[in-house]
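One structure below.
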Amino acid sequence: MATDNPYRTPFFYGPEGRLIQVDAALEAVRRGSTTVGIKTNDYVLLASQVRPARALMQAPEKVFAIDEHVGASGSGYVGDLLHLIDEARVQAQRYRLVYDTPIDIISLAKHLGNYFHSFTLYAVRPPGASVILAGADQQGVQLYQIEPGGSYFNGMAATIGQNSETALEIIAKSYSEKLSLDDGIELTTKAITEAAGEKVNIGFGVVRKSVGKFEKVQHEVTAS
Amino acid sequence: MTTIVAIKSNDGVVLASDKRASKGFFVGSKDVQKIYQLDDSLAAAIAGLLSDAEYLVNLAKAERRLVSISRGFPMNVRESAKLIANIAYRGLKAYQPFYAELLVAGIDGQGAHIYSTDVSGSLIEEEFASSGSGSPIAYGVLEGGYMKDLSMDTAKQLAERAVRAAMERDPGSGNGVDILAIPLNGSASKVSKRVN
Numbered sequence: 469m470a471t472d473n474p475y476r477t478p479f480f481y482g483p484e485g486r487l488i489q490v491d492a493a494l495e496a497v498r499r500g501s502t503t504v505g506i507k508t509n510d511y512v513l514l515a516s517q518v519r520p521a522r523a524l525m526q527a528p529e530k531v532f533a534i535d536e537h538v539g540a541s542g543s544g545y546v547g548d549l550l551h552l553i554d555e556a557r558v559q560a561q562r563y564r565l566v567y568d569t570p571i572d573i574i575s576l577a578k579h580l581g582n583y584f585h586s587f588t589l590y591a592v593r594p595p596g597a598s599v600i601l602a603g604a605d606q607q608g609v610q611l612y613q614i615e616p617g618g619s620y621f622n623g624m625a626a627t628i629g630q631n632s633e634t635a636l637e638i639i640a641k642s643y644s645e646k647l648s649l650d651d652g653i654e655l656t657t658k659a660i661t662e663a664a665g666e667k668v669n670i671g672f673g674v675v676r677k678s679v680g681k682f683e684k685v686q687h688e689v690t691a692s
Numbered sequence: 312m313t314t315i316v317a318i319k320s321n322d323g324v325v326l327a328s329d330k331r332a333s334k335g336f337f338v339g340s341k342d343v344q345k346i347y348q349l350d351d352s353l354a355a356a357i358a359g360l361l362s363d364a365e366y367l368v369n370l371a372k373a374e375r376r377l378v379s380i381s382r383g384f385p386m387n388v389r390e391s392a393k394l395i396a397n398i399a400y401r402g403l404k405a406y407q408p409f410y411a412e413l414l415v416a417g418i419d420g421q422g423a424h425i426y427s428t429d430v431s432g433s434l435i436e437e438e439f440a441s442s443g444s445g446s447p448i449a450y451g452v453l454e455g456g457y458m459k460d461l462s463m464d465t466a467k468q469l470a471e472r473a474v475r476a477a478m479e480r481d482p483g484s485g486n487g488v489d490i491l492a493i494p495l496n497g498s499a500s501k502v503s504k505r506v507n
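Quick mapping for you: the protein sequence lines, in order, are chains V and D. Quick note: the first sequence uses this note's numbering, first residue 469, plus one each step. Quick note: the second sequence uses this note's numbering, first residue 312, plus one each step.
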């Protein structure tokens, strides 16, 4: 019976009706490098901590273009994150083929949510990463967070990964819909620095409402 | 059915087409778009079944974008043309051919290129090419007028002459000439000329 020892049957319901694999995936996200997103009247900004690479190796990308008008970042197992980014990229093109129009951000978030969810129904594990999407569509600029259980949220700010609660507190204290892009970069840098507990390298991506295109901002090399 | 022409110049590529869609012995449309610009550096002229040709072009467009975003640098002209040729080949082998012949023309890191593909899935690089029901007549003009390293302007004029000649004698071609030029440096330009 599943209730005897839930770790013997980790793919079915655990005690108190929890899904053990989803819980474990969320824990993997919590251990990942910190990623934040903020949305204002004029832009959506993504910022992600880049953990240092080995000697002579380039640090991996953390901020990815999905299509011309949408980008993403995430926290958790990097291999799982890369897989999700590929899935998002293919879905963006598939949508264009079917509807001859760029994918709207909620449809992309929903697709990723459904994708995550499909792993929770069978004896497999869901990807151990959460994704934050930043994009522009017919309804304006959008910020979405998608989690291993398959649920997705939108809002003005999202923080995931190590000490994400600390990062969110910092953002909430100074957030305003009218925050300039420079101030937004400064605020997200502060949030990630505090969450990491030291100066770290950060990668940025932004979609400006006036431009409608996802642009990556060069790694801010804040650590030596 | 159609006349399409592609010419490589010393400074890029030129594509030209007529604007008639034939439905049997009836003129189905007088204003058809047969030249598709996939993006800033690649275009394709299509002959044959419009729906099959559009399907192949749209697939190539999507794949180019996906590969560009994924690996960070764009697909070159040969890769894009090969993608289309592979799908056409698969269709033929499965007894469900794509009734389309395409002239894929564009620019990339290695310069200007023209490729022609057909129902069989073949891929051939050319200096100049024509396809469609009017192509035998167009080739007559091209053989008389083509030289290596034509200027872009001369190439545009030659392409237009070739399509116009075909329109005179091929009932499947007519109603106007579209000309698209993709220079090695600078942006693509399109001209559309109605013929009454």
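For every residue, glycine included, the Cβ atom is placed at its ideal position computed from N, Cα and C.
Using a CB distance below 7 Å, the part of the region 378-407 of chain D facing chain V consists of Ile-380, Ser-381, ordered along the chain. In terms of beta-carbon proximity, Ala-373/D lines the interface with chain V, with at least one pair separated by less than 7 Å.
Assignment of Ala-591/V by DSSP, reduced to helix, strand and coil, places it in the coil class. At a cut-off of 7 Å between C-beta atoms, Arg-476/V does not count as an interface residue with respect to chain D.
Residue pairing from DSSP places Ala-423/D in a beta bridge opposite Ile-418/D. Residues of chain D with a Cβ closer than 8 Å to the Cβ of Val-558/V are, in chain order, Leu-377. Neighbours of Asp-535/V in chain D, taken as residues whose beta carbon is under 8 Å from its own, are Arg-376, Ile-380 in chain order. The Cβ atoms of Val-474/D and Thr-314/D sit closer than 7 Å to each other. Between Asn-631/V and Thr-502/V a beta carbon distance of about 6 Å is seen, short of the 8 Å cut, so the two are scored as contacting. Not a single C-beta of chain V is nearer than 7 Å to the C-beta of Asn-496/D.
Leaving aside the five residues that flank Gly-483/D on each side, the residues in its chain whose CB is nearer than 6 Å to its CB run, in chain order, Met-312, Ser-333, Ser-444. Scanning its chain for C-beta atoms nearer than 6 Å, with the 5 sequence neighbours on each side dropped, one finds around Ala-476/D the residues Ile-448, Val-452, in chain order. Counting only Cβ-Cβ distances below 8 Å, Leu-565/V has contacts in chain D at Asn-369, Leu-370, Ala-373, in chain order.
Residue pairing by DSSP places Val-685/V opposite Phe-672/V in a beta bridge.
Leu-434/D is bridged by DSSP to Thr-428/D. Bounds of any alpha helix (DSSP H) do not take in Ile-571/V, whose DSSP letter is neither H nor E.
Only those residues of the region 561-594 of chain V whose C-beta falls short of 7 Å from the nearest C-beta of chain D are listed: Gln-561, Arg-564, Leu-565. Between Ala-577/V and Leu-469/D, the alpha-carbon positions lie close to 51 Å from each other. If you draw a 10 Å sphere on the C-beta of Gly-671/V, you find 16 or more other C-beta atoms in it, and that means buried.
Residue environment: Leu-565/V is assigned as exposed (fewer than 16 neighbouring CB atoms within 10 Å of its CB, all protein chains considered).
CA-to-CA, the gap between Ser-500/D and Ala-354/D works out to about 11 Å.
Here DSSP, grouped into helix, strand and coil, assigns Ser-444/D to coil.
Taking the C-beta atoms as reference points, Ile-357/D is found no nearer than 7 Å to Leu-434/D.
For Val-316/D, the three-state secondary structure derived from DSSP is strand.
Between Gly-623/V and Ile-506/V, the gap from beta carbon to beta carbon reaches 7 Å or more.
Taking all protein chains shown into account, Val-679/V has fewer than 16 neighbouring C-beta atoms within 10 Å of its C-beta and is therefore exposed. Contact annotation, Gly-359/D with Ala-396/D: C-beta distance approximately 14 Å; criterion of less than 8 Å not satisfied. Taken through DSSP and simplified to helix, strand or coil, Arg-498/V comes out as helix.
CA-CA distance, Glu-484/V to Tyr-590/V, rounds to 19 Å. In the three-state reduction of the DSSP assignment, Tyr-583/V falls in the helix class, which pools H, G and I. When only Cα atoms are considered, Leu-524/V and Arg-382/D end up about 21 Å apart. Across the set Arg-389/D, Phe-336/D, Ala-364/D, the C-alpha of Ala-364/D shows the shortest separation from the C-alpha of Tyr-347/D. Note on geometry: alpha-carbon atoms of Thr-656/V and Ile-380/D lie some 25 Å from one another. Contact check between the region 473-493 of chain V and the region 593-600 of chain V: three or more CB pairs, one atom from each, fall below 8 Å, which counts as touching.
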